[in-house]
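Undergrad: Provided herewith is a single structure, encoded as structure tokens, for subsequent inquiry.
Protein chains: 2
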Amino acid sequence: MFNEVDKSYPIELVADFLGINSRTLYYYEKFHLVCPLRRGRKRYYSKEDINWLEYVRELMYEQGMNLRSIIILIKRRDAVILDRCPEDVVLCYKNYLARKENGNKTME
Amino acid sequence: MFNEVDKSYPIELVADFLGINSRTLYYYEKFHLVCPLRRGRKRYYSKEDINWLEYVRELMYEQGMNLRSIIILIKRRDAVILDRCPEDVVLCYKNYLARKENGNKTME
DNA sequence: AATATAATTTACATTTAAGTGAAAAATATT
DNA sequence: AATATTTTTCACTTAAATGTAAATTATATT
């Protein structure tokens with residue numbers, strides 16, 4: 000039906016599937032750990048996003064990593080992380096950094 | 000006088016130099032982040048240890064990494080980390096893992 | 001357009017890792 | 001042996017991560 004990268008799963012479904020609160024997904028988004036499609040204000044996630052989020056959970060809960068470390072490894076283009084991290088997350092993060100560099104003080 | 004790897008600096012001196020509590024160095028040791036020489040019960044650190052600890056502080060405080068992530072990267076033989084991490088820390092950690100694997104339940 | 005519904009955002013509470021202080025225990029020194 | 005120094009243990013503090021619930025905003029429906 001859907002391929003890996005089609006963003007079609009709404010946030011509640013993803014949260015339920017991962018066994019976490021949707022609040023956590025908003026939180027991750029603030030740190031650019033995931034990059035859902037916005038249609039209006041609604042968010043849609045791909046199968047690839049879900050796999051990635053599962054891996055993030057594993058890194059955090061089984062291995063004890065924190066959010067920022069995962070971000071740092073994305074930025075650093077760490078092979079192990081990049082292998083699992085969706086291309087668009089990397090791109091979004093790059094854009095975010097570029098915007099910040101260009102003196103955009105109005106953003107977080 | 001001393002070379003990079005001679006373990007000759009006592010804990011208080013290292014703590015003062017790094018501007019941290021010596022208690023924190025004991026804490027790091029529990030996580031195998033550093034591997035001082037024990038002469039009797041006293042601990043001695045090398046110049047290399049001090050440089051490494053300075054880098055660890057930077058990762059944690061400037062970049063926002065946590066302890067466990069640094070450990071994971073040592074285990075994973077991450078190039079960036081290994082570049083800064085003393086050889087003996089890597090070895091000690093390896094030994095620690097080996098001992099744990101071999102069913103030594105009496106250790107942490 | 002007013003109302004209902006659903007998603008998002010905000011605010012606050014809880015939990016756990018990281019770090020620290022102080023007391024107790026162990027060891028070394030005079 | 002008495003004193004000083006280092007280590008260990010226990011308990012507390014602080015901040016990140018995330019849950020809960022209320023407030024806000026958007027969208028759909030009548």
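Chains as they are written, first to last, in numbering that gives the first Met the number 0: chain A, 0 to 107; chain B, 0 to 107.
We treat Cβ as the ideally placed atom computed from N, Cα and C, and that holds for glycine.
Residues of chain A with CB closer than 8 angstroms to the CB of residue 76(B), please, in chain order.
TA: Near residue 76(B) there are no residues of chain A at all, since even the closest Cβ is about 11 angstroms away, more than 8 angstroms.
Undergrad: Just to confirm before moving on: does the CB-CB distance between residue 45(B) and residue 82(B) stay below 7 angstroms?
TA: Result no, Cβ atoms of residue 45(B) and residue 82(B) do not sit closer than 7 angstroms.
Undergrad: Tell me which residues of the segment 52-72 of chain A have at least one Cβ-Cβ distance to chain B shorter than 9 angstroms, keeping chain order.
TA: So the list reads 58, 62, 63, 64, 65, 66, 67, 68, 69, 70, 71, 72, given in the order they occur along the chain.
Undergrad: Grab the span of the beta strand (DSSP E) containing residue 38(A) for me, first residue to last.
TA: Unbroken beta strand (DSSP E) run through residue 38(A): 36-38.
Undergrad: Name the residues in the segment 79-96 of chain B whose C-beta lies less than 8 angstroms from a C-beta of chain A; which are they?
TA: So the close ones are 79.
Undergrad: Pick helix, strand or coil for residue 6(B), following the three-state DSSP scheme.
TA: Note: residue 6(B) maps to coil in three-state DSSP.
Undergrad: Should residue 48(B) be labelled buried (16 or more other beta-carbon atoms within 10 Å of its own) or exposed?
TA: Buried is the call here.
Undergrad: To the nearest angstrom, how far is the alpha carbon of residue 39(A) from that of residue 76(B)?
TA: Approximately 44 angstroms between the Cα atoms of the pair.
Undergrad: Thinking just about the alpha-carbon of each residue, which of 64(A), 35(A), 96(A) is nearest to the one in residue 85(A)?
TA: Considering only alpha carbons, the answer is 35(A).
Undergrad: Give a yes or no on whether the C-beta atoms belonging to residue 80(B) and residue 90(B) are separated by under 7 angstroms.
TA: No, Cβ-Cβ distance for residue 80(B) and residue 90(B) is not below 7 angstroms.
Undergrad: For the alpha helix (DSSP H) that contains residue 76(A), what are its first and last residues?
TA: Premise fails: residue 76(A) is in no alpha helix (DSSP H) and is neither H nor E.
Undergrad: If we call anything under 7 angstroms between Cβ atoms a contact, is residue 52(B) one with residue 17(B)?
TA: Cβ atoms of residue 52(B) and residue 17(B): closer than 7 angstroms.
Undergrad: Round the Cβ separation of residue 70(A) and residue 32(A) to the nearest angstrom and send it over; I've been treating them as touching at under 8 angstroms.
TA: About 7 angstroms separates the two Cβ atoms, so the contact holds.
Undergrad: Of all the alpha helix (DSSP H) runs that stay within the bounds of the segment 17-68 of chain A, which reach a length of 4 or more residues?
TA: You should have 21-29, 46-56.
Undergrad: Does DSSP put residue 94(A) in a helix, in a strand, or in coil?
TA: Correct three-state label for residue 94(A): helix.
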